[in-house]
Amino acid sequence: YDSSRGGRLKGLLGWDIMSFLLSCSLSFGLMYVDSKVHAHGPVGIKQVLWDACRWEGQTAIFWGRIFYAFLSFPFVVFLIPGLNSVLTHTTPTGYNTNGLCVPFLLHPMPEEKNK
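Residues 40 to 154 in this note's numbering are what the sequence shown lists, from first letter to last.
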């Protein structure tokens, strides 16, 4: 393991982990608040997790996913054609029919039949 490698991608990985944890916390917090509204006593973890089966809990998960999507904005730069390989110094690869990792190639176009 070489800790000097990774450059800026290490920072983006840390950002992604924090974004994931924040979105999970938001979903759990929304489910907790919803469970607290419906319960008249103390709320346990079972009640909060049971809320995920109801439409209110699924709505909380939806908003957590939307929050995560907004936090993934720094990764949009990797979607720009050509810039991904410049930033990551990688080449696209894929698997052939034998299961070997090979450079990515498009399938050949079928020949047209002339009438």
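By construction, the Cβ of each residue, glycine as well, lies at the ideal position given by its N, Cα and C atoms.
Are the region 108-126 and the region 68-85 touching by the rule of at least three beta carbon pairs closer than 8 Å? With the cut-off at 8 Å, the region 108-126 and the region 68-85 do not touch.
Opposite T132 in the DSSP bridges: which residues? Along the sequence shown, one-based indexing puts residue 132 at 93. DSSP, once it has assigned bridges, lists P142 as partnering T132.
The alpha helix (DSSP H) spanning R93 covers which residue range? As a first step, residue 93 is located in the sequence shown; it is residue number 54 there, counting from the start. No alpha helix (DSSP H) holds R93; DSSP gives it neither H nor E.
Say yes only if the C-beta of G96 is nearer than 8 Å to one or more non-hydrogen atoms of the ligand ATP, and no if none qualify. This structure does not include the ligand ATP; it has no bound ligands of any sort.
Could you check the C-alpha separation between L65 and A99 for me, to the nearest Å? Indexing the sequence shown from 1 puts residue 65 at position 26. Indexing the sequence shown from 1 puts residue 99 at position 60. The straight-line gap from Cα to Cα measures roughly 8 Å.
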